[in-house]
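Chains as they are written, first to last, in my numbering: chain A, 6 to 313; chain B, 6 to 313.
Here a beta-carbon is modelled for each residue, glycine too, at the ideal position from N, C-alpha and C.
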């Protein structure tokens, strides 16, 4: 799908190499997303503008990049993974738009910009989210399909990760957990669904696009699960330690909303230890990929060291 | 999928036969939906209860019944069409839940019952809609797939009908048209997307589940398009002529919201003529199916004569 050539990663990535790879792949993902989304001038223009506003609001493209890296780890062509990377990003963006709504988290800022409903109004924001979710399946249906993973398997993978037992379950538990006392196990249930499910799905779909073996798929699942959990624990930590300016969104929101977070339940120090342990487990699941797992490993390290 | 046996329709249907067929197929559809939806007691229970609340709120199952009838018209087994019939009904229900939200039509009643957000709150209603939309693709991915219409074609069909150029485009135009002067051509654009697109999709998917010929698919498209438009024109007419009690939802809402309707633009008499003309065109597109099109024909007639 992308005309842009994607740089193949070296066996071990320096931080400069990772930065170059991230920049390169982010551009490739943006270009692919731009191609598959209806143009902003297509009628009804409001909803297409709203879809693009949030999709191109400077997201880090973490899930697409992980998806492409997983494909590479399984000797696949990242270009085959691209439709799936784009589909996951559309689902991620829809979930953010709906999550920010007044009836949900009621957030005014996201990535340093006014949230979708602040710009386009609640009605259009709801519809833009709906449209991105729907678009995700249209994009995914446009993938090649593989011997071990035909189209029906790809669509099942995506719909289950985004469905009421995973991504949406996390949102519901998050919404209903506000102001309530939540156990560490309960919080893990939320994080597994709210963050890990889709991230794990992105990595698995990358592997599927390389027609990976069942053992490779299991390793990628383990990797995605642990990176996803680590990512969310770090998000919780950053919400406490960083300013709104640093985050590009309202800091301290979780505390203000009396949301359960890892720091509020197990303390800051233990949270940082948990994040490191989760990342170690993620590393361990990459063993079978050898040098081909270098990018996935570098991405996991990058996530643990991020400050926003 | 459904254990219940579906009664095959006779060549020409009396109104009693149609009533029996509707009752029988509605039960079969309800049973199939009950099987594919997560149980209400599955965690997170709120969202599963909310999904089921609207899905089993007494809807007429018009789209699923048309889908099954289209399969029969193409000599298919309605049981093969059932997953697609269920998927379309999930998408229809999600669109109603979101459409009723305060940020959209702000409706308190639907089918004589409080709307989803009145019972479960706006946050859960948004998520229940999201979950039903996602579930639709999971259900559709579970279909058999056919030589002319493999899974990717089925998912494309569904996602395009529900997407930002069709169903969602109709919702947007509807939302933005409130209080504005709208031409008859503009209103047709809205109706084609808001109602005709998904109804046409239901009928086409029914044909696809019978591995129908391209010519049969075209005839079903024409049929669905015209029945869908007729259905919406009649909805507009009923909003003016019927009481809330008769409709099971707030009557006169369109007028109160200064929404453009066929009666408000071209007058009541002309609207009734248009509805009849559209149904005649729908009939004409059934010619090629001969006696096998009897149920589709009876359903179209049924829609034109409905009073609620």
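query: What residues in the stretch 93–123 of chain A bring their beta carbon closer than 7 Å to a beta carbon of chain B?
result: The residues in question are 103, 106, 108 and 109.
Where residue 113 of chain A falls, given that 16 or more other Cβ within 10 Å makes a residue buried: Residue environment for residue 113 of chain A: exposed (fewer than 16 other C-beta atoms within 10 angstroms of its C-beta).
query: Leaving out five residues before and five after residue 149 of chain B in sequence, what residues of the same chain have Cβ atoms less than 7 Å from its Cβ?
result: For residue 149 of chain B, the CB contacts under 7 Å within the same chain, skipping 5 residues up- and downstream, are 85 in chain order.
task: Decide if the stretch 150–162 of chain B is in contact with the stretch 226–239 of chain B; the criterion is three or more beta carbon pairs, one per stretch, under 8 Å apart.
output: These segments do not touch.
- prompt: From the beta carbon of residue 244 of chain B, is the nearest beta carbon of chain A less than 9 Å away?
  reply: So, not an interface residue.
- prompt: Using a beta-carbon distance below 9 Å, is residue 89 of chain B in contact with chain A?
  reply: With 9 Å as the cut-off, residue 89 of chain B does not count as an interface residue toward chain A.
- request: Could you work out which residues of chain A lie near residue 135 of chain B, taking near to mean beta carbons separated by less than 7 Å?
  value: Within chain A, the residues placing a beta-carbon under 7 Å from that of residue 135 of chain B are 103, 138 and 173, ordered along the chain.
field: Limits of the alpha helix (DSSP H) - the one that residue 294 of chain B falls within
entry: Careful: residue 294 of chain B lies outside any alpha helix (DSSP H) and carries neither H nor E.
query: Who are the neighbours of residue 213 of chain A on chain B, taking C-beta pairs under 8 Å?
result: Residues of chain B whose Cβ lies closer than 8 Å to the Cβ of residue 213 of chain A do not exist, since the nearest Cβ in that chain is about 14 Å away.
Same chain only: Cβ atoms within 6 Å of residue 141 of chain A, ignoring 5 sequence neighbours per side: Excluding residues within five positions, the ones whose Cβ falls inside 6 Å are 92, 95 and 96.
field: Contacts that residue 43 of chain B makes with chain A (C-beta to C-beta distance below 7 Å)
entry: Neighbours of residue 43 of chain B on chain A, chain order: 169 and 170.
- prompt: Quick one: which chain A residues come within Cβ less than 7 Å of residue 132 of chain B?
  reply: Ordered by position in chain A, the residues that pass the 7 Å Cβ test against residue 132 of chain B are 173, 176 and 177.
- prompt: What does DSSP give as the partner residues of residue 114 of chain B in its beta bridges?
  reply: Answer is B:119, bridged to residue 114 of chain B.
- prompt: Are the beta-carbon atoms belonging to residue 265 of chain A and residue 172 of chain A less than 9 Å from one another?
  reply: Cβ atoms of residue 265 of chain A and residue 172 of chain A: not closer than 9 Å.
- prompt: Exposed or buried, what is residue 199 of chain B when buried is set at 16 or more other beta-carbons lying within 10 Å of its beta-carbon?
  reply: It is buried - the Cβ of residue 199 of chain B has at least 16 other Cβ atoms within 10 Å.
message: Rounded to the nearest angstrom, what separates residue 296 of chain B and residue 17 of chain B at their Cα positions?
response: Residue 296 of chain B and residue 17 of chain B have their C-alpha atoms roughly 7 Å apart.
Interface residues of chain B facing residue 51 of chain A [CB-CB closer than 8 Å]: Here the neighbours are 177 and 181.
- prompt: Using the rule of at least 16 other Cβ atoms within 10 Å of the residue's Cβ for burial, across every protein chain shown, is residue 385 of chain B buried or exposed?
  reply: One cannot answer for residue 385 of chain B here, as it falls past the ends of chain B, which runs 6 to 313.
Contained alpha helix (DSSP H) runs [length at least 4] in the stretch 131–217 of chain A, N- to C-terminal order: DSSP runs (the alpha helix (DSSP H)) wholly in the stretch 131–217 of chain A: 156–167, 172–182, 189–196 and 202–213.
Positions along the stretch 148–160 of chain B whose CB lies within less than 9 Å of some CB in chain A: Answer set for the stretch 148–160 of chain B: 148, 150, 155, 156, 157, 158, 159 and 160.
query: Can you tell which of B:180, B:244, B:62 and B:72 has its C-alpha closest to the C-alpha of residue 27 of chain B?
result: Among B:180, B:244, B:62 and B:72, the Cα nearest to that of residue 27 of chain B is on B:72.
- prompt: Along the stretch 205–230 of chain A, what residues have a CB closer than 7 Å to any CB found in chain B?
  reply: None of the residues of the stretch 205–230 of chain A has a beta carbon lying less than 7 Å from any beta carbon of chain B.
message: With a threshold of 9 Å between beta-carbons, can residue 197 of chain A be considered close to chain B, or not?
response: Contact with chain B is absent for residue 197 of chain A, since none of that chain's Cβ atoms lies less than 9 Å from the residue's Cβ.
message: Which same chain residues end up closer than 8 Å to residue 314 of chain B when comparing Cβ atoms and leaving out the 5 residues on each side of it in sequence?
response: Residue 314 of chain B is absent from the structure shown; chain B starts at 6 and stops at 313.
query: Considering only residues of the stretch 70–104 of chain B, which uninterrupted beta strand (DSSP E) runs meet the minimum length of 3 residues and lie entirely inside it, listed in chain order?
result: Whole beta strand (DSSP E) segments, 3+ residues: zero.
message: At the 9 Å Cβ level, is residue 27 of chain A part of the contact set with chain B, yes or no?
response: Not one chain B Cβ lies under 9 Å of residue 27 of chain A.
- prompt: residue 147 of chain B: buried (16+ other C-beta within 10 angstroms of its C-beta) or exposed?
  reply: Result: buried.
field: Reference residue 52 of chain A; option with closest CA among A:201, A:290, A:99 and A:25
entry: The candidate whose alpha carbon is nearest that of residue 52 of chain A is A:99.
field: Neighbour-count burial assignment, residue 218 of chain B, 16 or more Cβ in a 10 Å radius
entry: Exposed, since its Cβ has fewer than 16 Cβ neighbours within 10 Å.
field: Rounded C-alpha distance that separates residue 209 of chain A from residue 225 of chain A
entry: Residue 209 of chain A and residue 225 of chain A have their C-alpha atoms roughly 6 Å apart.
Pairwise C-alpha distance: residue 307 of chain B and residue 152 of chain A: Roughly 46 Å between the two C-alpha positions.
field: CB contact below 9 Å: residue 59 of chain A versus chain B
entry: Interface criterion not met: the Cβ of residue 59 of chain A is under 9 Å from no Cβ in chain B.
task: Quick one: grab the DSSP three-state call for residue 247 of chain B.
output: Residue 247 of chain B falls in the coil class under three-state DSSP.
field: Cutoff 6 Å; reference residue 202 of chain A; Cβ partners in own chain excluding five residues on either side
entry: Hits under 6 Å: 166, 171 and 172.
- request: Kindly say whether residue 48 of chain B, judged by its beta-carbon, lies nearer than 9 Å to any beta-carbon of chain A.
  value: Output row for residue 48 of chain B: interface = yes.
field: Selection from B:90, B:190, B:117 and B:194 that minimises the alpha carbon distance to residue 215 of chain B
entry: The shortest C-alpha separation from residue 215 of chain B is found at B:90.
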